[in-house]
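Note sheet for the following structure.
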Amino acid sequence: MIVRAPLPDEPLKAFLGRMKRNNVCSSDAELFRKLASRMSIEIDEASRFNPVEFLAEVYGVMPILFVRQHTMMPFTKLVGWFDRDRGEVPDLVNRKYLSSALRIPRPHAHLCPHCVVEDMKFRGISYWRRLHQLPGVDWCVKHGVALRRCEGIDILEQSPILASDSSLALDDDQVAQAREHPLVARYARIAEGLLTEIPQSLHTADVSVLIRDWSKEQGLRVSLNGKRPLLSDRVAESFPKAWLSLHFPTSTRKEAGVFASWIDATWFSRKVAASTALYVLALSVMYESSDEALNALANLKPVAVPRKSDAHRTPGAWDTGEIVEVWMKHSGNSAAIAQDLNLSNYYVRKRLYEAGLPTLGVSAGIAMKRALLSYWDGVSLSTACESEGADQAAVKSFLRVATKRHLGALWTDTASSVSTNYESLRPPISQ
2 MIVRAPLPDE PLKAFLGRMK RNNVCSSDAE LFRKLASRMS IEIDEASRFN PVEFLAEVYG
62 VMPILFVRQH TMMPFTKLVG WFDRDRGEVP DLVNRKYLSS ALRIPRPHAH LCPHCVVEDM
122 KFRGISYWRR LHQLPGVDWC VKHGVALRRC EGIDILEQSP ILASDSSLAL DDDQVAQARE
182 HPLVARYARI AEGLLTEIPQ SLHTADVSVL IRDWSKEQGL RVSLNGKRPL LSDRVAESFP
242 KAWLSLHFPT STRKEAGVFA SWIDATWFSR KVAASTALYV LALSVMYESS DEALNALANL
302 KPVAVPRKSD AHRTPGAWDT GEIVEVWMKH SGNSAAIAQD LNLSNYYVRK RLYEAGLPTL
362 GVSAGIAMKR ALLSYWDGVS LSTACESEGA DQAAVKSFLR VATKRHLGAL WTDTASSVST
422 NYESLRPPIS Q
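For reference, each letter of the sequence shown is one residue, going 2 to 432 in the numbering used here.
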């Protein structure tokens, strides 16, 4: 059996694909069995298998080394909520992140044609790189050229030199304009730094307070309603509209002075994390250089946050589980929720934003439910949202907050209200 080591910055999924090609294996399971036999390691296939832990044992390194050097999790899982008052710390090797270890932030992969040529010249093979998969960065930082886009769920398992034959060229002029824009260039440097330089995960509350305090110093509004501009206004006016709309489509619906949850949630919510790319957007306008931004994150001071189980409950307040249930009942319509619970619409909207749930109109809520059903039926999330006319950001927000019980209830409720036969569907998302 041919046993190779991962190459620098090679994604784990791409490494497994290369190993399967070298050893004529048709699946990950077959590769792991061969590796286990070759290295005299016992594996229990009956239990839930963790490829990160197994490969770490094969190569004699700590599992976290594989995570930090060969997965996108240092970027995608950078910010999260954990109960540090009880000694809880983020564990990227935890089994709940099993699927994330092989995932990239986009439904497609990117490669640099110049890197492919260099790889073939100096290594005799070409390989994928994590840095080329960062959301919003459409060029190779090393060569300064536009990346090429490769479609396919398992495209990383193919050799880049073969995948490049069917790859799609990005718009060179558009990429060049974005690369030369100071804020987009800063965004790219910060994103790269978060993937490779920040050694630990960050608490949602700490990052939220950092952004909120800066916004206050800048005279920006840090409330849902008011007359002053928001962070979302600053972002919308600072970044190139073409680049912003391409990578953050929800930004196209931004109205001046109106709270935009897709980016303002970065300072509003202390419990539910936004996507890392949105924090990078905020940091790009907050600091004059990427070094300042990375240093600020490295020196974050913990803020006091009430534990989820000890959260203060006032009359009419409800916990996150109850929020999801009432949100589902009224398809995300804040006015209907407020009327049902005899609460003010402002209070309901505030609690929904805190929980990371979108506020939707009636038709938008129905479209989102249909998109979720299509997603569970095996359709990609982007395709499901596009075909059903659903807001992809809203669907992602719901998936981040909902539990398996909530998803099962939503599936049952929605499947019974549409004409299609959904008996074969089973929500694959687990807590």
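Backbone N, C-alpha and C define an ideal beta-carbon position, used for all residues, glycine too.
Burial state of residue i, where buried means 16 or more other Cβ atoms lie within 10 Å
i           : result
residue 191 : buried
residue 226 : exposed
residue 154 : exposed
residue 193 : buried
residue 299 : exposed
residue 9   : exposed
residue 370 : buried
residue 4   : exposed
residue 156 : buried
residue 219 : exposed
residue 329 : buried
residue 200 : exposed
residue 366 : buried
residue 357 : buried
residue 222 : buried
residue 274 : buried
residue 158 : buried
residue 195 : buried
residue 279 : buried
residue 130 : buried
residue 341 : exposed
residue 291 : buried
Short Cβ contact (7 Å threshold) for residue i with residue j
i           : j           : result
residue 244 : residue 179 : yes
residue 169 : residue 150 : yes
residue 145 : residue 248 : no
residue 147 : residue 166 : no
residue 110 : residue 53  : no
residue 339 : residue 331 : no
residue 277 : residue 67  : no
residue 360 : residue 333 : yes
residue 438 : residue 91  : Limits of the chain in this structure are 2 at one end and 432 at the other, which puts residue 438 out of reach.
residue 184 : residue 139 : no
residue 73  : residue 59  : no
residue 246 : residue 232 : no
residue 352 : residue 335 : no
residue 212 : residue 253 : no
residue 251 : residue 394 : yes
Residue(s) in a DSSP beta bridge with residue i
i           : result
residue 110 : 151
residue 140 : 147
residue 80  : 203
residue 17  : According to DSSP, residue 17 bridges with nothing at all.
residue 243 : The partner list for residue 243 (beta bridge, DSSP) is empty, contrary to what the question assumes.
residue 170 : 149
Own chain partners of residue i with C-beta closer than 7 Å, once the 5 adjacent residues on each side are dropped
i           : result
residue 368 : 389, 390, 391
residue 71  : 7, 11, 12, 13, 16
residue 32  : 17, 20, 21, 24, 26
residue 121 : 127, 162
residue 1   : Within the shown structure, residues of the chain are numbered from 2 to 432, placing residue 1 beyond reach of any answer.
residue 64  : 53, 54, 57, 94
residue 108 : 381, 383
residue 113 : 133, 141, 144, 146, 148
residue 235 : 221, 286
residue 115 : 141, 144, 146
Cut-off 6 Å between Cβ atoms - residues of its own chain near residue i, not counting five sequence neighbours on either side
i           : result
residue 355 : 270
residue 281 : 188, 191, 192
residue 135 : 192
residue 302 : none
residue 2   : 24, 35, 39
residue 375 : 385
residue 399 : none
residue 89  : 83
residue 105 : 73, 134
Distance cut-off 6 Å: residue i Cβ against heavy atoms of the ligand HEM
i           : result
residue 297 : This structure lacks the ligand HEM, and indeed carries no ligand of any kind.
Same chain, Cβ closer than 8 Å to residue i, five either side skipped, listed in chain order
i           : result
residue 230 : 221, 222, 257, 258
residue 28  : 21
residue 85  : 204, 303
Notebook entry, point to check: Within the chosen definition, does the region 200-215 reach the region 69-87 through at least 3 CB pairs nearer than 8 Å?
Noted result: yes
Next item on the list: May I ask you to verify whether the region 244-258 touches the region 295-302, counting CB pairs closer than 8 Å and requiring at least 3?
Entry: no
Notebook entry, point to check: Three or more C-beta pairs closer than 8 Å, one from the region 235-251 and one from the region 279-287: is that the case here?
Noted result: yes
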